[in-house]
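Those protein sequence lines, which keep their order, are chains U, C and H. Going by my numbering, 2 is the number at position 2 of the first sequence; the sequence numbering is gapless. Going by my numbering, 1331 is the number at position 331 of the second sequence; the sequence numbering is gapless. Going by my numbering, 2159 is the number at position 159 of the third sequence; the sequence numbering is gapless. Shown next, in structure tokens, is the structure this report addresses.
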Amino acid sequence: MPAFTPPPLPSDDKRWKIVNGTMRKNGFARHALIETLHTVQSSFGYLDDDSIRFVAQSLRVPLSQAYGVVTFYHYFSLKPPGRHTLTICAGTACYIKGSDKLIASAEKKLGVAQGQTTRDGNISLMVARCVGACGRAPVALADGELQGQVAGEQIMDQLERWAVE
Amino acid sequence: MNIEELEQIADSVRGANASFDHEVNVCMGTGCLSQHSDRLKDALAKAADASGKKVLVRRTGCMGLCAAGPLVLVDREHVLYQHSRAEYSERIVAGLGGEPVAGLQCNLREHFDEQVHIVLENSGRIDPEKIDDYIARDGYKALLTAITEMKPDDVVRQITESGLRGRGGGGYPTGLKWSTVAKAVGDQKYVICNGDEGDPGAFMDRSVMESDPHRVIEGMAIAGFAVSASKGFVYVRAEYPLAVSRLSTCIRDARRRGLLGSGIGGTTFNFDVEIRLGAGAFVCGEETALIASIEGKRGTPRPRPPYPAVSGLFDKPTLINNVETFANIAPILRKGARWFASIGSERSKGTKVFALTGKINNTGLVEVPMGIKLRHIIEVIGGGVPDGHTLKAVQTGGPSGGCIPADMLDIGVSYDALIGVGSMMGSGGMIVMDDTSCMVNVARFFIEFCMTESCGKCIPCRAGTAQMYTLLTRICDGSATMDDLALLEDLCATVKEGSLCGLGQTAPNPVLSTLKYFRDEYIEHIVHKRCPAGVCSMQVPAEVMA
Amino acid sequence: MNDADVKTLEIDGHQISARRGQTILEVARENNIDIPTLCHLDGLSEVGACRLCLVEIKGSNKLQPACVTAVFESMSVITDSDRLNRHRRTILELLFAERNHICSVCVANGHCELQTLAQQQGVTHIRFPYRYPELPVDASHERFTADHNRCILCTRCVRVCAEVEGAHVWDVSGRGINSLVITDLNQDWGSSSCTRCGKCVQVCPTGALFDKSKIGSGHPKYPDFLVNLNLMREAR
Chain U
1 MPAFTPPPLP
11 SDDKRWKIVN
21 GTMRKNGFAR
31 HALIETLHTV
41 QSSFGYLDDD
51 SIRFVAQSLR
61 VPLSQAYGVV
71 TFYHYFSLKP
81 PGRHTLTICA
91 GTACYIKGSD
101 KLIASAEKKL
111 GVAQGQTTRD
121 GNISLMVARC
131 VGACGRAPVA
141 LADGELQGQV
151 AGEQIMDQLE
161 RWAVE
Chain C
1001 MNIEELEQIA
1011 DSVRGANASF
1021 DHEVNVCMGT
1031 GCLSQHSDRL
1041 KDALAKAADA
1051 SGKKVLVRRT
1061 GCMGLCAAGP
1071 LVLVDREHVL
1081 YQHSRAEYSE
1091 RIVAGLGGEP
1101 VAGLQCNLRE
1111 HFDEQVHIVL
1121 ENSGRIDPEK
1131 IDDYIARDGY
1141 KALLTAITEM
1151 KPDDVVRQIT
1161 ESGLRGRGGG
1171 GYPTGLKWST
1181 VAKAVGDQKY
1191 VICNGDEGDP
1201 GAFMDRSVME
1211 SDPHRVIEGM
1221 AIAGFAVSAS
1231 KGFVYVRAEY
1241 PLAVSRLSTC
1251 IRDARRRGLL
1261 GSGIGGTTFN
1271 FDVEIRLGAG
1281 AFVCGEETAL
1291 IASIEGKRGT
1301 PRPRPPYPAV
1311 SGLFDKPTLI
1321 NNVETFANIA
1331 PILRKGARWF
1341 ASIGSERSKG
1351 TKVFALTGKI
1361 NNTGLVEVPM
1371 GIKLRHIIEV
1381 IGGGVPDGHT
1391 LKAVQTGGPS
1401 GGCIPADMLD
1411 IGVSYDALIG
1421 VGSMMGSGGM
1431 IVMDDTSCMV
1441 NVARFFIEFC
1451 MTESCGKCIP
1461 CRAGTAQMYT
1471 LLTRICDGSA
1481 TMDDLALLED
1491 LCATVKEGSL
1501 CGLGQTAPNP
1511 VLSTLKYFRD
1521 EYIEHIVHKR
1531 CPAGVCSMQV
1541 PAEVMA
Chain H
2001 MNDADVKTLE
2011 IDGHQISARR
2021 GQTILEVARE
2031 NNIDIPTLCH
2041 LDGLSEVGAC
2051 RLCLVEIKGS
2061 NKLQPACVTA
2071 VFESMSVITD
2081 SDRLNRHRRT
2091 ILELLFAERN
2101 HICSVCVANG
2111 HCELQTLAQQ
2121 QGVTHIRFPY
2131 RYPELPVDAS
2141 HERFTADHNR
2151 CILCTRCVRV
2161 CAEVEGAHVW
2171 DVSGRGINSL
2181 VITDLNQDWG
2191 SSSCTRCGKC
2201 VQVCPTGALF
2211 DKSKIGSGHP
2221 KYPDFLVNLN
2231 LMREAR
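Shown next as structure tokens:
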């Protein structure tokens, strides 16, 4: 059997070297698939067909299996995120404190459903399954920065600020 | 590193601490950090410098009372300041050694006095990223004692005799699990720490990993020695970036000190730990799904047996325990199984950490002895329901648990008592609901959660939870009939008895427990098209029905 | 044979002997006791997913899947009870309501395992609201079609392709109620790395995967080749 030659890097983008580094650290073992997908997502912001194919071929994981893994885990995204991301927590504690209404008002304001990005690519509206800050419920993350006991007005103000930037 | 060297480090840290006149701890858990406690800490350090006082300003993990954050603890004087802001720094520093600043002090004595801290003994007391801080509080002593003075069997026996049961929810006896893995035949065995805290409404594990990560690492290493495993994995949610970064730092520091790696403590014992990131799948809290995920696959559970203790990660014997379970190990070895078994109730030993949230005054983390009355947790430690509302129910066990009505609050909190009332211990989420919460709506919330978190492998869970959600939505919007309710109950039985894994088998619990205690609310929705709590908006207005 | 390698047990009141390591399902079928199954297929690995083969075991309140539960000495198994049959009917109803199964226009009408089981279990109507999901029909392959409306996610196609053919073209994407079998990177079957062997079509229990040439002429499936194929490969 001929020796396995890993596929070439998809482009000379330096970030592929970081991705390759994760795989090398794990000896290009198949079980490094999720670790590597994490690296791709943190480097590129999302996963597309080219990156999934590159990782799958490098680790000798069947394409359908890699795609199955990517779509199983909700942390992985197949679409590029907006320039800003508002994440509203929908864990139980936040739900009891009315986070469903916050989500509904943000959806209305942005004109997109949760999990989507505004057409201009500016703002993504995400819903989290508990960020573990239940003591400060309801909780939202504005570009990753946690805000506790948020009110509807705060969210509207934040979205306004992002909209005019 | 041997025990003498450990003692030397501990002594030098204690000496260094004693050279300060005051120790001021600033909570930098996720809750307080979100209110800029990092800036507060810098301001306090600056104010201390300016004052000329010898003050050690220390970053610590979670102090528990998130509702009152950011929190500052003047350690030796036991003065706790709440809602602290950077601009109060001068006043706080000025008050050191004298009268505490009036108006800033947190006077919730009962909240703290009624708790018993084992798992959280270091939380809020040490800098989580300083291994020497941990060592100064007897850290890694249990590990070094175990590997130099004990046989693996002795360690397993200690854990068995302590009566410790799994803190992830099921309550399986930890000692029994350890002895099964210890007896399993295999050249390679693994220890996995389940830090995939998926219960939406629970953050105990997050807090332990952020506030005292070395405690988890030490517990895993002791387990590794007891079951003859040389490799450990901590599986942490990617949603917990602070826990991940603190754990990475601590693993690196433990390696540098020779407390992880090969030849630990000059013995032949080798053990190392790696972090694996979860990727947003509640089902990965189930042990076979978690193993599949570490192997880089879809996190779908498989039928057991074989149990992971016999054939787990990479088909090798594998010990899986939850974060809080591992956090109990070092204290048990240090203080003895008998000490641990003296705390708690008949069949539930030790303490349990709960994340107390919802409609309650003192939201945050509490650690209480098993067997304590639920009412005591809610009314005394939790400070009761705010804004003059009345308590309706307490939800424990997350999506696998149930709602306990207000008139049953006098049960003692233990694995068996909670199952007895149709709920379960779960990982430790405790969500308080008042008269403004609709129990049907809450049941629907949990079923929606289970539906979106179902892996889809087995039919009862995949299609069953989706149908339960449809039926509950009908009830909530006023379009259901009593036949729908009968169908829902029938379906609950099949999902509960027919599903492959724990997620599906327990998914109907929130529905069954609310049906048991709040059936009248379901009937109100169905027959009278009315939501008693005023939460659900009815498709069919009540007057049209009349 | 060692004594300990022979187990005696009781299934539905019949005294039966079995070899160590055999599953309840194997033993039952050897003794002409029928247990309904959908995801199980002789020659493929077990996933224990359809839950139709759940049986009662005396001394345990928990139901166990016969396909993966090994026999033990003096075990007493019940494969046929009101409790079990109620669950089986509910599971079949859940499948019918999950996607768009319309037998009268299905290529597999009369040759469908789901249809046959529903008849055997006496499922005469579906109590659950139909979900009517909008699902694709992939006819891009030169010989076969994948109609997701008829798929019950038993994953036989995934397993036969990965385990027997060795190509692993199929897998499951998404999760929960949104699960879908896919080829390669969720692309058209016709443009995938499919080897065109047709094994997936033969093992598919419904009309989800079918041979285009069989449309309108009845479409029996022949999954029995698997056992022989596995034997021949082992012998090699």
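A virtual CB, placed ideally from N, CA and C, is assigned to each residue, including glycine. Predicted model only: the values in this text are computed from it and were never measured.
Report yes if the C-beta distance between residue i and residue j is below 8 Å; otherwise report no.
i                  : j                  : result
Leu63 of chain U   : Arg53 of chain U   : yes
Leu1491 of chain C : Val1432 of chain C : no
Phe1225 of chain C : Pro1331 of chain C : no
Cys2050 of chain H : Leu2025 of chain H : no
Gln1082 of chain C : Cys1062 of chain C : no
Tyr1522 of chain C : Cys1403 of chain C : no
Pro1070 of chain C : Ser1084 of chain C : yes
Ile1159 of chain C : Ile1329 of chain C : yes
Lys2058 of chain H : Ser2081 of chain H : no
Spatial neighbours of residue i within its chain, please: CB distance less than 6 Å, with the 5 preceding and 5 following residues excluded, ordered by chain position.
i                  : result
Met1538 of chain C : Gly1478, Lys1529
Ala2066 of chain H : Ile2024, Leu2025, Ile2035, Cys2053, Val2055
Val2006 of chain H : Ser2017
Arg83 of chain U   : Asn122
Give me the chain C residues within the contact set of residue i, using Cβ-Cβ distance strictly less than 8 Å, ordered along the chain.
i                  : result
Cys1990 of chain H : Limits of chain H in this structure are 2001 at one end and 2236 at the other, which puts residue 1990 of chain H out of reach.
Gly2048 of chain H : Arg1302, Pro1303, Cys1458, Leu1500
At 9 Å on the CB atoms, spell out the chain U contacts of residue i, in chain order.
i                  : result
Gly2174 of chain H : Gly68, Thr71, Phe72
His2111 of chain H : Chain U residues near His2111 of chain H: none, gap ~27 Å exceeds 9 Å.
Gln1188 of chain C : Chain U residues near Gln1188 of chain C: none, gap ~14 Å exceeds 9 Å.
For residue i, tell me which candidate among the options has the shortest Cα-Cα distance.
i                  : options                                    : result
Arg2131 of chain H : H:Asn2178, H:Glu2113, H:Thr2037            : H:Asn2178
Asp1049 of chain C : C:Leu1247, C:Pro1070, C:Val1093            : C:Val1093
Asp1199 of chain C : C:Glu1286, C:Ala1067, C:Thr1465, C:Glu1497 : C:Glu1286
Ala142 of chain U  : U:Tyr75, U:Leu47, U:Cys89                  : U:Cys89
Ser1037 of chain C : C:Val1026, C:Val1227, C:Ala1047            : C:Val1026
Leu1333 of chain C : C:Leu1143, C:Ser1051, C:Val1353, C:Ala1047 : C:Leu1143
Asp1127 of chain C : C:Phe1449, C:Arg1246, C:Ser1179, C:Tyr1307 : C:Arg1246
Phe44 of chain U   : U:Leu78, U:Ala56, U:Asn26                  : U:Leu78
Leu2229 of chain H : H:Phe2096, H:His2101, H:Asp2042            : H:Asp2042
Gly1350 of chain C : C:Lys1359, C:Leu1356, C:Pro1369, C:Asn1362 : C:Pro1369
Ser2191 of chain H : H:Lys2062, H:Asp2211, H:Trp2170, H:Leu2044 : H:Trp2170
Leu1365 of chain C : U:Pro7, U:Leu59, U:Gln57, U:Cys134         : U:Cys134
Ser1551 of chain C : C:Arg1474, C:Val1380, C:Pro1532            : The shown model of chain C, from 1001 to 1546, leaves out residue 1551 of chain C, and the question about it has no answer.
Give the DSSP bridge partners of residue i, in chain order.
i                  : result
Tyr1551 of chain C : No answer is possible for residue 1551 of chain C: the residues shown for chain C start at 1001 and end at 1546.
Phe2144 of chain H : H:Asp2211
Ala1533 of chain C : The partner list for Ala1533 of chain C (beta bridge, DSSP) is empty, contrary to what the question assumes.
Pro2065 of chain H : H:Leu2054
Glu1056 of chain C : Checking the sequence, you will find Leu at residue 1056 of chain C rather than Glu. Leu1056 of chain C is bridged to C:Glu1023.
Lys1349 of chain C : C:Gly1344
Arg1276 of chain C : C:Tyr1235
Counting only the same chain and skipping the five closest in sequence on each side, list residues whose C-beta sits under 8 Å from that of residue i.
i                  : result
Val164 of chain U  : none
Pro10 of chain U   : Trp16, Asp50, Ser51, Phe54
Gly98 of chain U   : Pro138
Ile1360 of chain C : Ile1378, Gly1382, Gly1383, Gly1384, Val1385, Pro1386, Val1432
Val127 of chain U  : Thr87, Ile88, Cys89, Ala90, Ile103, Gln114, Gly115
Val70 of chain U   : Leu37, Leu47, Ile52, Phe76, Leu78
Going along chain H in order, which residues have a C-beta closer than 7 Å to the C-beta of residue i?
i                  : result
Gln65 of chain U   : His2168, Asp2171
Ala1480 of chain C : Correct list: empty, because the minimum Cβ distance to chain H is about 11 Å.
Thr1470 of chain C : Pro2129
Determine the chain U residues that contact residue i at a beta-carbon separation under 7 Å, and present them in chain order.
i                  : result
Gly1534 of chain C : Within 7 Å Cβ-Cβ: nothing; Gly1534 of chain C doesn't reach chain U, min ~13 Å.
Taking 8 Å as the CB-CB cut-off, is residue i touching chain D?
i                  : result
Arg1298 of chain C : This model lacks chain D altogether, as its protein chains are U, C and H.
Grab me the residues of residue i's own chain with a C-beta within less than 7 Å of its C-beta, minus the 5 sequence neighbours each way, in chain order.
i                : result
Ile18 of chain U : Thr39, Ser43
Run down chain U in chain order and give the residues with a C-beta less than 8 Å from the C-beta of residue i.
i                  : result
Lys1457 of chain C : Under the 8 Å cutoff, chain U gives no residues; its nearest Cβ is about 11 Å from Lys1457 of chain C.
Just the chain H side, please: which residues come within less than 8 Å of residue i by C-beta, in chain order?
i                : result
Ile88 of chain U : Per Cβ cutoff of 8 Å: no residues; Ile88 of chain U is ~21 Å from chain H at best.
By the criterion of Cβ-Cβ separation under 7 Å, what are the contact partners of residue i in chain C?
i                  : result
Arg225 of chain U  : Since the displayed chain U opens at 1 and closes at 165, residue 225 of chain U lies outside it and no answer follows.
Glu2098 of chain H : Ala1463
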